[in-house]
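Comments concern the structure below.
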Amino acid sequence: MQPSPTSEKDTEPGRPQATYRFRCIGCASITSSAAQDFRCSECGNLLEITDSSWNSNNPTALKSLWRERRTLNATLDLSGVWRFREFLPAPQSEQSVITLREGNTPLYELTQSSRRLGIPRLYAKHQGMNPTGSFKDAGMTVAATFARQAGYRWVACASTGNTSASVAAYAARGGMRSLVLVPEGKISWSKLSQALDYGALTCQLRTDFDGCLRLLQELVRRAPVYQLNSINPFRLEGQKTLALELLEQLDWQPPDHIIVPGGNLGNSSAIGKALLEMLDLGLIPRLPKLSVIQAEGANALVRTLREAGGKNLVSVQAETRATAIRIGNPASWEKAVKVLQATGGACEQVSELEIAQAKAEIGAEGIGCEPASAVTLAGLKKLLRQGFVKPEQTVVLVLTGNLLKDPDFTMGFHRGDLFQGTADERESGRLNPFRHPPVVLDASLDAVIKTLEQAEKSDPPHSNV
Ligand code: F0G
0 MQPSPTSEKD TEPGRPQATY RFRCIGCASI TSSAAQDFRC SECGNLLEIT DSSWNSNNPT
60 ALKSLWRERR TLNATLDLSG VWRFREFLPA PQSEQSVITL REGNTPLYEL TQSSRRLGIP
120 RLYAKHQGMN PTGSFKDAGM TVAATFARQA GYRWVACAST GNTSASVAAY AARGGMRSLV
180 LVPEGKISWS KLSQALDYGA LTCQLRTDFD GCLRLLQELV RRAPVYQLNS INPFRLEGQK
240 TLALELLEQL DWQPPDHIIV PGGNLGNSSA IGKALLEMLD LGLIPRLPKL SVIQAEGANA
300 LVRTLREAGG KNLVSVQAET RATAIRIGNP ASWEKAVKVL QATGGACEQV SELEIAQAKA
360 EIGAEGIGCE PASAVTLAGL KKLLRQGFVK PEQTVVLVLT GNLLKDPDFT MGFHRGDLFQ
420 GTADERESGR LNPFRHPPVV LDASLDAVIK TLEQAEKSDP PHSNV
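Structure (structure tokens):
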């Protein structure tokens, strides 16, 4: 990268194409093109995008350029991803970019949780406020653009729901067709309905996410479809912009901790890559610690680190109600191990009850998120108890999906039947103070007033943690 903010024209999108290469994360061999499966032809490991021409000649000018673009109306500047195009591989032209004005997501103060936990500086970066309701859009705008540029008519993914919604939307916007493979009965209706509405060919396979991904890997070798899972390194380049935008929102003062949910581990890898690149280019003076939280029932990374020292993957048979992260064989585990080690972050797991409570607490802040995102708050509580996070530190939770993504979970929780018939049923009673079940009444003023008075008398909810 050669940031030259003063001379740059708005129509010049990103870094010149010739400057980026694919680098294998295993044997470090460098190539100018990648095979369909995005794996190294030498050793079979995953590829990442690298740019040998980067230098840090003017971080201050780059920061003002990015800020200035927020006031402009050019297509690329309206995207919170392409606004940071110096950090992205360059598409052929501005017109070749497929965008839904992704990114530009809010950074909220979590005031109630902050008070309850005694951490004055606690924030949530809400990626669920993206066009299709999840963080996937930030990566999809880049990967879909490169798919169309490479001449593909079909794009495809395996998904626990959010990727499929995003793939389907960006394919539709870009005039491509999409094939999505999802585990039958294991993704929320809300996400599935998005894929249908955006026109995807939707296959509900009788397997889990890991089975869908395995099948996709074989499919891309046999059919001319371009895979848009996070194995695709263009996805991760786009997802890096979450970290750039976050740091901009914090006036380039790095937080002490960034906490992110872990599933297939693409997002943590992308955020970590961005942090390391920002440090390298002099955009930030030090690294935040990047921590990954998983559901106890889908804890492959936790076990990989604890039982194998991060050296080989310990796969699990995944089971969690946070279906977005119901993944037992995460593809990007090695990338995630590297960024955890480089930033000094932690890896923790949280229970189903802890996830449900944290989700209700984030909802009660007027913000809300889907279950997978709530692992971050549940994980933070654990990291605070362990002393890994100190109350005086600045903490950012990455909320990855919108509250509306999983209404079945939310309704089950508030009705009180989410844990019915499970081992957690008895203990789930302690979550009652967090429930707000609907009240069915006759349509009479008296009945409503009586209910209002009763509610006023009862303890305010969430007074206990
Ligand atoms: N949060 C949400 C809401 C997700 O949808 C996902 C992954 C994650 C967290 C985990 O991110 O995989 O990068 O570690 N969803 C994928 C999907 C797998 O198919 O939608 P990750």
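The letter at position 318 of the sequence shown is residue 317 when you use numbering that gives the first Met the number 0, and the numbering goes up by one with no holes. The beta carbon of each residue, even a glycine, is placed where N, CA and C say it ideally should be.
*Where residue 451 falls: helix, strand or coil (DSSP)*: Three-state DSSP puts residue 451 in a helix.
*asked:* Counting C-beta neighbours from all protein chains within 10 Å, is the total for residue 10 16 or more, i.e. buried, or is it exposed?
replied: Only weak support is given to the placement of residue 10: the predicted model assigns it a pLDDT of 40, under 50, and the value that follows is read from those uncertain coordinates. Residue 10 comes out exposed.
*Does ligand 1 have a heavy atom nearer than 8 Å to the CB of residue 371?*
True, at least one ligand heavy atom lies under 8 Å from that Cβ.
*Between which two residues does the alpha helix (DSSP H) containing residue 360 stretch?*
In this chain, the alpha helix (DSSP H) harbouring residue 360 covers 351 to 362.
*Measure the beta-carbon distance from residue 21 to residue 48 and round it to whole angstroms, keeping in mind my assumption that it falls under 8 Å.*
Right, their Cβ atoms sit about 6 Å apart.
*asked:* Tell me whether the stretch 366 to 375 and the stretch 119 to 131 touch, counting them as touching only if at least three CB pairs, one residue from each stretch, are closer than 8 Å.
replied: The stretch 366 to 375 vs the stretch 119 to 131: in contact.
_If I measure Cβ to Cβ from residue 274 and keep anything under 7 Å in the same chain, skipping five residues before and after, which residues do I get?_
Within its own chain, the residues whose Cβ lies closer than 7 Å to the Cβ of residue 274, once the five positions on either side in sequence are excluded, are 242, 286, 287, 289 and 342, listed in chain order.
*Cα separation between residue 156 and residue 192?*
Rounded to the nearest whole angstrom, the C-alpha separation of residue 156 and residue 192 is 16 Å.
*Which one or two residues does DSSP pair with residue 47 in a beta bridge?*
In the DSSP output, where bridge partners are listed per residue, residue 47 has 22.
*Given a threshold of 16 other Cβ atoms within 10 Å of its Cβ, counted over all protein chains shown, does residue 419 qualify as buried or as exposed?*
Classification of residue 419: exposed, given that the 10 Å Cβ count is below 16.
*Cα-Cα, which of 267, 102, 228 and 413 is closest to residue 428?*
In this structure, 413 is the residue among 267, 102, 228 and 413 with its C-alpha nearest to the C-alpha of residue 428.
*Would the beta-carbon of residue 66 fall within 9 Å of that of residue 183?*
Cβ distance not < 9 Å, so residue 66 and residue 183 don't count as in contact.
*residue 327 and residue 209 closer than 9 Å at C-beta*: Yes, these two residues count as a Cβ contact at 9 Å.
*Hey, how far is the Cα of residue 158 from the Cα of residue 222?*
When only Cα atoms are considered, residue 158 and residue 222 end up about 19 Å apart.
_Can you tell me which residues form a DSSP beta bridge with residue 201?_
For residue 201, DSSP records a beta bridge to 179.
*Name the DSSP bridge partner or partners of residue 124?*
In the DSSP output, where bridge partners are listed per residue, residue 124 has 106 and 397.
_Boundaries (first-last residue) of the alpha helix (DSSP H) holding residue 241_ = First-last of the alpha helix (DSSP H) with residue 241: 240 to 248.
*Exposed or buried, which one is residue 425 when buried takes at least 16 other CB atoms within 10 Å?*
Burial call: exposed.
*Do the stretch 197 to 205 and the stretch 167 to 187 touch if we need at least three Cβ pairs shorter than 8 Å?*
Segments in contact, yes.
*asked:* Under 8 Å, with one C-beta from each stretch per pair, do the stretch 292 to 299 and the stretch 313 to 333 reach the 3-pair mark?
replied: Contact between the stretch 292 to 299 and the stretch 313 to 333 is present, because at least three Cβ pairs lie under 8 Å.
*Determine the DSSP secondary structure at residue 225, reduced to helix, strand or coil.*
For residue 225, the secondary structure class from DSSP, reduced to helix, strand or coil, is strand.
_Going by C-alpha to C-alpha distance, which of 381, 330 and 227 sits closest to residue 151?_
When 381, 330 and 227 are compared, the shortest CA-CA separation from residue 151 is found for 227.
*Run the proximity test for residue 324: is its beta-carbon closer than 8 Å to any non-hydrogen atom belonging to ligand 1?*
Closer than 8 Å to some heavy atom of ligand 1: that describes the Cβ of residue 324.
*For residue 293, which beta-bridge partners are listed by DSSP?*
For residue 293, DSSP records a beta bridge to 348.
*asked:* Below 8 Å, is the gap between the Cβ of residue 185 and the nearest heavy atom of ligand 1?
replied: Incorrect: residue 185 has no Cβ contact closer than 8 Å to ligand 1.
*Give a yes or no on contact between the stretch 252 to 271 and the stretch 385 to 395, applying the rule of three or more CB pairs nearer than 8 Å.*
Contact holds: three or more Cβ-Cβ distances are below 8 Å.
*Which stretch, first to last residue, makes up the beta strand (DSSP E) that contains residue 258?*
Element bounds for residue 258: 256 to 260.
*Give the C-beta separation of residue 189 and residue 406 to the nearest angstrom, bearing in mind that I take them to be a contact with Cβ-Cβ under 8 Å.*
Right, their Cβ atoms sit about 6 Å apart.
*asked:* Here's the rule: buried if 16 or more other CB atoms are within 10 angstroms of the residue's CB, otherwise exposed. What is residue 143?
replied: Residue burial is scored here from C-beta neighbours: residue 143 has at least 16 other C-beta atoms within 10 angstroms and is therefore classed as buried.
*Comparing the CB of residue 329 with every heavy atom of ligand 1, is any distance shorter than 8 Å?*
Yes, since a heavy atom of ligand 1 falls inside the 8 Å radius drawn around the Cβ of residue 329.
_Whole-angstrom C-beta distance between residue 400 and residue 133, which should lie under 8 Å_ = 4 Å between Cβ atoms; contact.
*In angstroms with no decimal places, state the Cα-to-Cα distance between residue 345 and residue 373.*
Between the C-alpha atoms of residue 345 and residue 373 there is a straight-line separation of about 17 Å.
*Report yes if the C-beta distance between residue 58 and residue 282 is below 9 Å; otherwise report no.*
Between residue 58 and residue 282, the C-beta gap is smaller than 9 Å, which places the two residues in contact.
_residue 172 versus residue 97 - alpha carbon distance_ = The alpha-carbon atoms of residue 172 and residue 97 are separated by roughly 7 Å.
_Residue burial classification, residue 403 (beta-carbon count within 10 angstroms, cutoff 16)_ = Counting other Cβ atoms within 10 Å of its Cβ, residue 403 stays below 16 and is therefore classed as exposed.
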